[in-house]
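Residue numbers (my numbering), protein chains in the order written: chain E, 1 to 242; chain W, 1 to 294. Ideal Cβ placement from N, Cα and C applies to all residues, glycine included. Please read all numbers here as calculations on a predicted model, not as lab measurements. Take a look at the structure below.
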Amino acid sequence: MAKASAFTPDSEMLRVNDLHAFYGESHILHGIDFQVNRGELVTLLGRNGAGRTTTLKAILGLVGRRSGSIMINGRQVIDLPTHRIAHLGIGYCPEERGIYASLSTEENLLLPPAVNSTGMSLDEIYEMFPNLKERRNSPGSRLSGGEQQMLAMARILRTGARLLLLDEITEGLAPVIVQALGRVIAQLKEKGLTIILVEQNFRFAAPLADRHYVIEHGRIVEMVSKDELDSKMPLLQKLLGV
Amino acid sequence: MDIFGIPIQALMGQLLIGLINGSFYAILSLGLAIIFGLLNIINFAHGALYMMGAFCAWIGLNWLGLNYWVALIAVPVVVGAFGMLIERTMLKHLYKLDHLYGLLLTFGLALIIEGLFRYRFGISGESYPVPELLAGGFNLGFMFLPKYRAWVIAVSLVVCFGSWFIIERTKLGSYLRAGTENPQLLQAFGINVPLMITLTYGFGVALAAFAGVLAAPVLQVNPVMGSNLIIVVFAVVVIGGMGSIMGSIVTGLGLGLIEGLTKVFYPEASAVVIFVIMGIVLLLRPAGLFGRER
Numbered sequence: 001m002a003k004a005s006a007f008t009p010d011s012e013m014l015r016v017n018d019l020h021a022f023y024g025e026s027h028i029l030h031g032i033d034f035q036v037n038r039g040e041l042v043t044l045l046g047r048n049g050a051g052r053t054t055t056l057k058a059i060l061g062l063v064g065r066r067s068g069s070i071m072i073n074g075r076q077v078i079d080l081p082t083h084r085i086a087h088l089g090i091g092y093c094p095e096e097r098g099i100y101a102s103l104s105t106e107e108n109l110l111l112p113p114a115v116n117s118t119g120m121s122l123d124e125i126y127e128m129f130p131n132l133k134e135r136r137n138s139p140g141s142r143l144s145g146g147e148q149q150m151l152a153m154a155r156i157l158r159t160g161a162r163l164l165l166l167d168e169i170t171e172g173l174a175p176v177i178v179q180a181l182g183r184v185i186a187q188l189k190e191k192g193l194t195i196i197l198v199e200q201n202f203r204f205a206a207p208l209a210d211r212h213y214v215i216e217h218g219r220i221v222e223m224v225s226k227d228e229l230d231s232k233m234p235l236l237q238k239l240l241g242v
Numbered sequence: 001m002d003i004f005g006i007p008i009q010a011l012m013g014q015l016l017i018g019l020i021n022g023s024f025y026a027i028l029s030l031g032l033a034i035i036f037g038l039l040n041i042i043n044f045a046h047g048a049l050y051m052m053g054a055f056c057a058w059i060g061l062n063w064l065g066l067n068y069w070v071a072l073i074a075v076p077v078v079v080g081a082f083g084m085l086i087e088r089t090m091l092k093h094l095y096k097l098d099h100l101y102g103l104l105l106t107f108g109l110a111l112i113i114e115g116l117f118r119y120r121f122g123i124s125g126e127s128y129p130v131p132e133l134l135a136g137g138f139n140l141g142f143m144f145l146p147k148y149r150a151w152v153i154a155v156s157l158v159v160c161f162g163s164w165f166i167i168e169r170t171k172l173g174s175y176l177r178a179g180t181e182n183p184q185l186l187q188a189f190g191i192n193v194p195l196m197i198t199l200t201y202g203f204g205v206a207l208a209a210f211a212g213v214l215a216a217p218v219l220q221v222n223p224v225m226g227s228n229l230i231i232v233v234f235a236v237v238v239i240g241g242m243g244s245i246m247g248s249i250v251t252g253l254g255l256g257l258i259e260g261l262t263k264v265f266y267p268e269a270s271a272v273v274i275f276v277i278m279g280i281v282l283l284l285r286p287a288g289l290f291g292r293e294r
C-alpha cells in the first residue's frame, strides 16, 4: 500500500513507477519513473530510440507486454485493456498522426468517443482550426501534413480528455504551422489540461514546458525544471547530443 | 423472338439464374471482405457456414416446425452466434500470425462442419419447399418469373446495399473502417476493438447463413453445397479485390450474370469462365478491380 499513500490526490495526474515494456523479446523500457501533476506540461526528451514513444504507448497499453505501476488519477491501470484506459480521460496523438484515410475529415474528428462532458464542441473546434471546417468532407488522406496534425489534435480535444499524450507533433511541419501549434498548446495549458509532450524540437518545447525528463536507454536519467533550464543547459545538450 | 439465334426465353432464364447465383456470390464475398478487412483472416469456413444456414432452416422446418420466415431471421442469429464462439475460442489466437494460419484453421473447420453434416444427412440432399406466399410466379410476356427467384434477387440487393450503406455512411461503419485501417489506435481512443472483431465475424457469418436460408428453396440442401460454391466465391473476391465492400457486391452480381450468359452462348465454358477472368485480372491488376494494394 506504500504506492497508494504516495499519491497526492489534489495535484497528481499520472505517476509511473518502475515501468518496463517489451516488444516481443526486446526489452525497451527498463524501469521508467516519473510523475506529472494536474495542469502541468512535461516533456520527454532523448535521442531517437531512447524509449520516449514507447513510454507513451506503454501508458496506454499499446506495447507487447508491460510491468510496473501506472497510476492515472490515483487508479492503477497496468492491468487494464487499452480501451478502458482511454476512458479514464486520455487523449493520444501518435507520432504518425494516425489520420484514417478511409474516413472523411469530419468522420475522423467524430471518431473517438467522448470520455466526459467537458470536451470542446464541434463549433469550438472549427473556430480553433478553421482549415478543418473547410475540409470537413475531404478524405483524411487528402489533407496536408499540417492539416493532418491539426486534425489529430482536434480529434482528442473533442473527447474531453484531461491528459494528453502528444508524440512529435511538430515533426516535418512548416515553421508557421509549428507556431500555430505552439499557440494551441498554450491555450490548452491555460484551460488546465495536463500534457506530456514527446518532442525533438527543443526550441518549441522549452517555452511551453514546466519540466523536462530526459530518457536514455529506457530509463529516466535527468529531470530539469523550468527554473533550472539555464544552469543545466550544458548537461542537456550533452545528453541530447545537440 | 430470337437474339443472336438464341430464344429470348432461354436467354432470360439463364440471366435469371445468373442473377440468383450472383446474389449468393455477392452476399458471401461481402461477408468475406468484411471479415478479411478487420480480422485479417481468409475465412475458408464461409461455405460451410452457408451450408449450415441452409441446413438449420431445413432442421427448423422439419424437426421444430419453424417456417421459412422465422428461419430467415433466427438462422442467421444462431449461426452468427456459432461464428462468434469460433472467433472467441480459436481465431483470436491467430491475428498476429500470417494469413496462412487463419486460412488453414478455417479450412479445417470447414471440413469438420461439412463432415458432421455428411455423417448425419448423407450427400443425397434434402429438399426445402418454397414458402406458400412466394409460390407461383409472374408471366412477363417474354418469360415466366417465379416469385421466389424475384424475392431472392430483391432481398439480396437490399441486404448488400444496406450493408454497404452501414459500412460506408454511418458512425458504426466508421468504426469498422477505422478498425480495418489501424485497430490499435482505435482502441487507444476507447473503442472495445476485441468486442468489435467478435461482432464483425458474427455479422459476416450471419450473412453467409442468411444466403444459405435464401438458397434452401432454390438449390438442394446438401452438405457439399458450400464447398461447391466457396471456390467460385473466392475467385469473385480475387477479381473484385480483397477488402472492398462495393467491389464484392458489384463483382458478385456481375460474374453471376457473365456465368449465366456463358451458359447460353457457349455452355462448355460456363464452369471455367470465372476462373479465366480471375487469371486475366490477376495478371493485369493483381489487387483486383476495386482493390487497393496493401
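- Query: In whole angstroms, what separates the C-alpha of E/A58 from that of E/P175?
  - Reply: 30 Å
>> Between which residues of its own chain and W/G80 is the CB-CB distance below 8 Å, once the five residues before and five after are set aside?
In response: G202, F203, V205, A206 and A209
- [ ] Hey, could you find the ends of the beta strand (DSSP E) E/Y92 is sitting in?
- [x] I90 to C93
Query - Contacts around W/A178, its chain only, beta-carbon distance under 7 Å, and the 5 residues preceding and following it disregarded - result: L186
Q | Inter-residue CB distance, E/L132 and E/A154 (contact presumed, cutoff 8 Å) | A | 6 Å
Report task. Scan the stretch 84-108 of chain E for residues whose Cβ lies nearer than 7 Å to a Cβ of chain W and list them as they occur along the chain. Result -> A86, H87, Y92, P94, G98, Y100, A101, S102, L103 and E107
Which stretch, first to last residue, makes up the alpha helix (DSSP H) that contains W/L195?
-> V193 to A215
_CB of E/D167 within 7 Å of CB of E/L56, strictly_ = yes
Note to self: I'd like the span of the beta strand (DSSP E) that includes E/V214, first residue to last.
What the structure shows: R211 to E216
Exercise. Taking the Cβ atom as the reference point for each residue, do W/P223 and W/R118 lie within a distance shorter than 7 Å?
Worked result: yes
>> To the nearest angstrom, how far is the alpha carbon of W/A215 from that of W/N182?
In response: 36 Å
Beta-carbon gap between E/R136 and E/E106 smaller than 7 Å: yes
Quick one: is W/L195 buried, meaning 16 or more other Cβ sit within 10 Å of its Cβ, or exposed? exposed
Self-check item: Burial state of E/P81 (16 or more Cβ within 10 Å)
Solution: exposed
Q. How many Å lie between E/Q179 and E/G91 at the Cα?
A. 21 Å
| With 16 as the cutoff for other CB atoms within 10 Å, does E/R183 come out buried or exposed? | exposed
Check your understanding: Among residues of its own chain, excluding the 5 on either side of E/G172, which ones have a beta-carbon nearer than 7 Å to its beta-carbon?
Key -> G145
Just to confirm my understanding: we take W/F265, look at its own chain, exclude 5 residues before and 5 after, and list those with CB closer than 8 Å. What are they? F4 and I6
Would the stretch 278-294 of chain W count as touching the stretch 36-43 of chain W if we require 3 or more Cβ pairs under 8 Å? no
* Asked: How is the alpha helix (DSSP H) around W/N21 delimited, first residue to last?
  -> I8 to L39
Practice item. Just the C-alpha distance for W/I123 and W/C160, rounded to the nearest angstrom, thanks. Key: 30 Å
Within chain E, the residues that W/A33 reaches when beta carbons sit closer than 7 Å
In chain order: nothing, as chain E lies at least about 13 Å away.
Quiz item: Looking at C-alpha atoms only, which residue of W/I166, W/F234 and W/A211 is the closest neighbour of W/A74?
Solution: W/A211
query: Got a sec: is the Cβ-Cβ distance from W/S163 to anything in chain E below 7 Å?
result: no
Practice task
Figure out for me which residue from W/L111, W/L15, W/S127 and W/K263 has the closest Cα to the Cα of W/S227.
Solution key: W/L111
Mind reading off the beta-carbon distance from E/L151 to E/L109? Whole number of angstroms is fine, and I expect it under 8 Å. 7 Å
* Asked: In whole angstroms, what is the alpha-carbon distance linking E/R15 and E/D210?
  -> 16 Å
| For W/L49, which residues of its own chain have a beta-carbon under 7 Å away from its beta-carbon, when the five flanking residues on both sides are left out? | V79, G83, V205, A208 and A209
ask   = So does the stretch 228-236 of chain E actually touch the stretch 64-71 of chain E, counting three or more Cβ pairs closer than 8 Å?
value = no
- Query: When the Cα atoms are used, what is the spatial distance from W/S189 to E/H87?
  - Reply: According to the sequence provided, residue 189 of chain W is Phe. The question's Ser does not apply to it. Taking the straight line from one Cα to the other gives about 8 Å.
Reduced DSSP secondary structure (H/G/I, E/B, other) of E/G74: coil
Query - Three-state secondary structure (DSSP) of E/I32 - result: strand
**Item:** Among E/H217, E/D123, E/P139 and E/H212, the one whose alpha carbon lies nearest that of E/L41
**Value:** E/H212
_Buried or exposed for W/P129, going by 16 or more other Cβ atoms inside 10 Å?_
exposed
At least three beta-carbon pairs within less than 8 Å, the stretch 149-160 of chain W to the stretch 12-27 of chain E:
no
Problem set entry | the stretch 57-67 of chain W touching the stretch 249-258 of chain W, judged by at least three CB pairs closer than 8 Å | no
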